[in-house]
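Participant: Could you have a look at this structure, given as structure tokens, before my questions?
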Amino acid sequence: QQQVKQSPQSLIVQKGGISIINCAYENTAFDYFPWYQQFPGKGPALLIAIRPDVSEKKEGRFTISFNKSAKQFSLHIMDSQPGDSATYFCAASKYNQGGKLIFGQGTELSVKP
Amino acid sequence: DAGVIQSPRHEVTEMGQEVTLRCKPISGHDYLFWYRQTMMRGLELLIYFNNNVPIDDSGMPEDRFSAKMPNASFSTLKIQPSEPRDSAVYFCASRSGVSPLHFGNGTRLTVT
Numbered sequence: 001q002q003q004v005k006q007s008p009q010s011l012i013v014q015k016g017g018i019s020i021i022n023c024a025y026e027n028t029a030f031d032y033f034p035w036y037q038q039f040p041g042k043g044p045a046l047l048i049a050i051r052p053d054v055s056e057k058k059e060g061r062f063t064i065s066f067n068k069s070a071k072q073f074s075l076h077i078m079d080s081q082p083g084d085s086a087t088y089f090c091a092a093s094k095y096n097q098g099g100k101l102i103f104g105q106g107t108e109l110s111v112k113p
Numbered sequence: 001d002a003g004v005i006q007s008p009r010h011e012v013t014e015m016g017q018e019v020t021l022r023c024k025p026i027s028g029h030d031y032l033f034w035y036r037q038t039m040m041r042g043l044e045l046l047i048y049f050n051n052n053v054p055i056d057d058s059g060m061p062e063d064r065f066s067a068k069m070p071n072a073s074f075s076t077l078k079i080q081p082s083e084p085r086d087s088a089v090y091f092c093a094s095r096s097g098v099s100p101l102h103f104g105n106g107t108r109l110t111v112t
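Sequence lines, in order, name chains A and B. Number 59 in our numbering belongs to position 59 of the first sequence; there are no gaps in the numbering. Number 16 in our numbering belongs to position 16 of the second sequence; there are no gaps in the numbering.
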């Protein structure tokens, strides 16, 4: 009930391409779904987050798509750049417990020039 | 805003020794979290505090682990005695109310 499953484990995309990372959750009580970006030697940093009252949220080149009935959400990175190469984590929690996050296993993204 | 500050950045110790990791949260943040990151288990929540009081320590793996928050600007995570399987990156994070969680840059612990 507490798991968040993330795929793929690793992803290689050409510069300018679209990167897509998927997550699925089990606990229907979750109502806060952030994505974090982590560079080597650094802590995770919030990239974008969504709540289930909307099906999509866009910030610049980053978009979250959310499917409440399927209990799935995904991150799309448009026009992927080499500087986007990092590890991406999806997470889920109850909104009023926004720090008590359950993280996916992470996706290592490499954007080739 | 200096962000969440953790020390040391790297710690190498021998099995059986006591290890103390330190964290200074962002000023004004009233929630503090300790996470552990390993290849096998990913990012796991160990414990979190609200207004310096431990709220949920269900993620603390064993009695060898303890955490304290003596005041709003300082927290420690102690492992005594340390074991090789404790090797991981330990992150401290803080937030205020329902604001996003801010992570420090972690302490990489190696127990030989």
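For each residue, glycine too, the CB sits at the ideal point set by N, CA and C. What you are looking at is a predicted structure, and each value in this text was computed from that prediction instead of being measured.
(1) Please go through the same chain and pick out, in chain order, the residues whose beta-carbon is closer than 6 Å to the beta-carbon of Ser65/A, but skip the five residues on each side of it.
(2) Could you compute how far the alpha carbon of Tyr90/B sits from the alpha carbon of Met15/B?
(3) Out of Ser110/A, Ile20/A, Arg51/A, Gln105/A, which has the shortest C-alpha to C-alpha gap to Ala29/A?
(4) Less than 8 Å between the beta carbons of Thr107/B and Glu11/B, yes or no?
(5) Do Arg64/B and the ligand MN come close, with the Cβ less than 7 Å from some heavy atom?
(6) Determine whether the Cβ of Tyr31/B lies closer than 8 Å to any Cβ atom of chain A.
(7) For Thr20/B, which residues in the same chain have their Cβ closer than 6 Å to its Cβ, ignoring the five residues on either side in sequence?
(8) Report yes or no: do the stretch 22 to 41 of chain A and the stretch 78 to 97 of chain A share at least 3 C-beta pairs separated by less than 8 Å?
(9) My parser needs the beta strand (DSSP E) runs of 3 or more residues fully inside the stretch 14 to 61 of chain B; what are they?
(10) For Arg22/B, which residues in chain A fall below 9 Å Cβ to Cβ?
(11) Would you list the one or two residues that DSSP bridges to Lys112/A?
(12) Kindly provide the ranges of any beta strand (DSSP E) runs that are 3 or more residues long and lie completely inside the stretch 28 to 65 of chain A, ordered along the chain.
(13) Kindly indicate the opening and closing residues of the beta strand (DSSP E) around Lys78/B.
(14) Using a C-beta cutoff of 8 Å, does Phe74/B count as contacting chain A?
(15) From the beta carbon of Pro84/B, is the nearest beta carbon of chain A less than 8 Å away?
(16) With burial defined as no fewer than 16 other Cβ atoms inside 10 Å of the residue's Cβ, what is the status of Lys112/A: buried or exposed?
(17) What are the partner residues of Ser66/B, as DSSP defines its beta bridges?
Facilitator: Answer, in terms of the structure:
(1) Glu56, Ser74
(2) 17 Å
(3) Nearest option by C-alpha distance: Arg51/A.
(4) yes
(5) You won't find the ligand MN in this model; it holds no ligand whatsoever.
(6) yes
(7) Thr76, Lys78
(8) yes
(9) Every beta strand (DSSP E) of 3 residues or more that sits fully in the stretch 14 to 61 of chain B is shown, in chain order, as 19 to 24, 31 to 38, 42 to 50, 53 to 56.
(10) Ordered by position in chain A, no residue passes the 9 Å Cβ test against Arg22/B, which lies about 15 Å from the chain.
(11) In DSSP, Lys112/A forms a bridge with Gln14/A.
(12) The qualifying runs are 33 to 38, 45 to 50, 56 to 59.
(13) 74 to 79
(14) no
(15) no
(16) exposed
(17) Lys78/B
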